[in-house]
Each structure stands twice: as structure tokens, then as C-alpha cells.
Amino acid sequence: MNIISVRGATTIEENKKENILERTEELLNTILDENKIEIKDIKSIIFTATEDITKVYPAVAARNIGITKAALMCVQEMHVEGSLPMCIRIMMDFQRRDKDPKLPIKHIYLHKASKLRPDLAESLAIAIDGPAGAGKSTIAKEVASQLGYVYIDTGAMYRAVAYYCKENSIDWKREEEVIGALKDIKIEIQIINEKQHIYLNKKDITDSIRNEEIASGASTVATYEKVRIELVRLQQELASKTSVVMDGRDIGTHVLPNANYKIFLTASVTERAMRRVQELEQNGQQVELKKIKEDIIKRDYNDSNRKFSPLSKAEDAIIVDTTGKSIKEVTDEVLNIIK
Ligand code: DC
0 MNIISVRGAT TIEENKKENI LERTEELLNT ILDENKIEIK DIKSIIFTAT
50 EDITKVYPAV AARNIGITKA ALMCVQEMHV EGSLPMCIRI MMDFQRRDKD
100 PKLPIKHIYL HKASKLRPDL AESLAIAIDG PAGAGKSTIA KEVASQLGYV
150 YIDTGAMYRA VAYYCKENSI DWKREEEVIG ALKDIKIEIQ IINEKQHIYL
200 NKKDITDSIR NEEIASGAST VATYEKVRIE LVRLQQELAS KTSVVMDGRD
250 IGTHVLPNAN YKIFLTASVT ERAMRRVQEL EQNGQQVELK KIKEDIIKRD
300 YNDSNRKFSP LSKAEDAIIV DTTGKSIKEV TDEVLNIIK
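Under numbering that gives the first Met the number 0, think of the first position of the sequence shown as 0, with each following residue one higher.
Right under this line is the structure:
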């Protein structure tokens, strides 16, 4: 018989009793399942919580799932500047009986805690495709934040090419001119405070590309094969470095055909147009619903009928219709698919 230690960590979204207990139970159950540990074999568990967690002792979650005999202890994690907030860590000692097969120990890092041990975390890719206004970026951002993954908005890259054309008086309808300009376009993505910033030749253009004129230019340049080849290469490179949630039109079909999960978001044209109007009005732009609806129909047509990697659902993608649903409802639906 030998005593073995296993480590784990998770994060909570809010300092609330239910959230602390639910996430700690999930972590404990995952450690037990993944390592084939029986409750009677657990000897002791030390829980640590960051100083922003105050509503309940995580050890209560252990009692709730029947760990009643092991020695349990909760302490506060040492505070290090810049460290991950809202984090619960576990160190569990358990015994392996001599007859048990020799299993490798799996330390478990869930939610944003997966960032703590990138060496252990499996790198995963989640592809979210769908037409304009289906809620892709909102949902992809939320899902990425809950899982601690990096969110990559590929539409912003096509917008960046359109923005370059506009700034340099290049007519984006002239394919040859746009292709000729590609060598002068360097797009970079940086995640700052969980928000994606897009740089065009070192200039932060994140907010300047969010208008209907650039959206329409993006839809046009996205039909050019050479533009797509260049941007898809950049997207694949970003996804190869870390776990990502990537949204676009061809992620599941073309950019990441081997993505672990593929979601296709849809919503009715009217609902998508209404959402777009709201978003633009929030940005201080005055727009007409009828015009936005026409633009959306035009972009749907452009995106779905272009020659190179048109917008289409991957065969293995799961459709999620967002019409009439709240952000939380859709996020939960997607997270459930992933779980
Ligand atoms: O999602 P968005 O509105 O930011 O996208 C801008 C345009 O770029 C849209 O018309 C479709 C195109 N696009 C594409 O063709 N492929 C992608 N992966 C992402 C966007």
C-alpha cells in the first residue's frame, strides 16, 4: 500500500456559496474519476482559496459528496502580485492498494486554472461559425472566458485588410490591388485584459473596424483566395500555440477541420438585424433597421456563395439557434455541449 498525492485547481466566477461548492465538487469528482480513486481511500485533503473567496469553506463540498472520514483543512493561498484570482487549489493524499493497477497520476486543472499548468493542459480548439449577427463573438468571448481559453475573432482580420484599403485609398473591389497590398499588411493579435486587440502594422485598430462600411469591405476582401490563404495561415498559427475559441465563417470547415468541438450559431435575419442596430447605436452610430436587414441579407449571400471556403456548417458541427435566447442561455448551451 502506498500513499500518493494528486493536485488540482479550479476557479469560480463569483464569490458566492453555490458557485464555490459547485466548482469544488466538480474538481473533486474529476480528480476521483480521472484517477480511479475511491472515497474510502482518501486520507487527507488540503484546500487553499485566494483571499477573494470568503463565502464558504471549500471543504464543505467534500463533505457534500460523501468524503466524511478524510482529514480536511482549508487555508488561504499566499497572495502573489498578478496571480490568478478566485482560485481554489487542492492537494489530496490517497492510498493505492497493492492490487491496484499502476495508473499514472492525472493532476486536474479546470476553468481558468488551466492557465496555471499549461504543461498539463491539453490544448483544445473550439470552432464557432455562423452568419453575421448570430451572436458568435459575444458567445465565443464568454465561452473562452469561462474556460480560460484565448478568444480569436477571425472576422477582425478580414476587417483589418478592408481598413488598410480604406486608409490607403485602395478600392477593395479590385482584387489585384488588394492582393498587391497584402505584402504591406502585417496583422497581429494581442490579448490584453481578456480582450482581443488587433494591430495593423503596429497600430491598434480594434475600435476603428467596427462599422458597417468596414464590414462590407471585409465581406468583399474575404472572397479573394489569396487574402484567405494568408489569413488562414495566421489563424492556424495562433491556434497551434494555445487552447482557443475561434469564431468566423469557415473555422470548422477549413481553418481548424480537426477542432475538438464545432458549433454553428444561427438566428433569424430580423433578430440578427435588431442586434446589429443595438450594437451600432451603443457605439454612437445612428442606423436604420431596414437598411441593416438588407446589408445582412447581402452579406449572408456574399459569405455563403463565394468560391473559396464559403460560410457553411461543418458536417460534424452542432447547430445552436440563438433566436430569442439570452447570452447566458446560449453560453450554457454551448458549455454543455463542450462538457
Ligand atoms: O464576423 P465579422 O462581421 O467581423 O466578419 C467580417 C466579414 O469577414 C464577413 O463578411 C465574413 C468575413 N469572414 C470570413 O469570410 N471568414 C471568417 N473566418 C471570418 C469572417
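Beta carbons are placed, not taken as given, at the ideal position from N, Cα and C, and that holds for glycine.
About 6 angstroms separates the beta carbons of I296 and V268, which is inside the 8 angstroms limit, making them a contact pair.
For ligand 1, a non-hydrogen atom lies closer than 7 angstroms to the CB of S218.
Annotation: the continuous alpha helix (DSSP H) that includes K327 extends over 326-337. With contact defined as three or more Cβ pairs closer than 8 angstroms, the region 207-226 and the region 296-308 are in contact. Counting only unbroken stretches of 4 or more residues, the alpha helix (DSSP H) elements lying wholly within the region 264-326 are 268-281, 288-304, in sequence order. Restricting attention to A159, I184, Y223, the CA atom closest to the CA of I197 is found in A159. For K16, the enclosing alpha helix (DSSP H) stretches over residues 16-34. With a cut-off of 7 angstroms, the C-beta of I250 is classified as near ligand 1, since at least one heavy atom of the ligand falls inside that distance. By the Cβ neighbour-count rule, L102 is exposed, with fewer than 16 other Cβ atoms within 10 Å of its own.
Annotated three-state conformation of R6 is strand, per DSSP. The Cβ atoms of R271 and P130 sit closer than 8 angstroms to each other. Under the three-state reduction of DSSP, N63 is assigned to helix.
Between I291 and R275, the gap from beta carbon to beta carbon is short of 8 angstroms. For G247, the secondary structure class from DSSP, reduced to helix, strand or coil, is strand. Counting along the chain, the unbroken beta strand (DSSP E) around R88 starts and ends at 86-95. If you ignore the 5 residues before and after E229, its C-beta comes within less than 7 angstroms of the C-beta of L181, all in its own chain and listed in chain order. Counted as a single uninterrupted DSSP element, the alpha helix (DSSP H) harbouring I178 occupies residues 174-180.
In this structure, the straight-line span from the alpha carbon of M72 to that of I204 is close to 49 angstroms. In this structure, L109 is the residue among Y157, A161, L109 with its C-alpha nearest to the C-alpha of Y148. In this structure the region 165-172 does not touch the region 254-265; the number of beta carbon pairs closer than 8 angstroms is below three. Judged by DSSP secondary structure, V231 falls within the alpha helix (DSSP H) whose first and last residues are 224-240. The shortest CA-to-CA distance from T67 to any of E50, E37, T47, R96 is the one to E37. For Y198, the secondary structure class from DSSP, reduced to helix, strand or coil, is strand.
When Cβ pairs closer than 8 angstroms are counted between the two stretches, the region 132-143 is seen not to touch the region 32-49, the count staying below three.
Below 8 angstroms, enough C-beta pairs join the region 81-92 and the region 46-53 to call them touching: three or more. Just measuring C-alpha positions, the residue of L83, G283, V226, H253 sitting nearest R209 is G283. With fewer than 16 neighbouring CB atoms inside 10 Å of its own CB, L288 falls in the exposed class. A residue is called buried once 16 or more other Cβ atoms fall within 10 Å of its Cβ, and R248 is buried on that count.
Residues of the same chain with a CB within less than 8 angstroms of the CB of E12, apart from the 5 flanking positions on each side, are N18, M85, Q145 in chain order.
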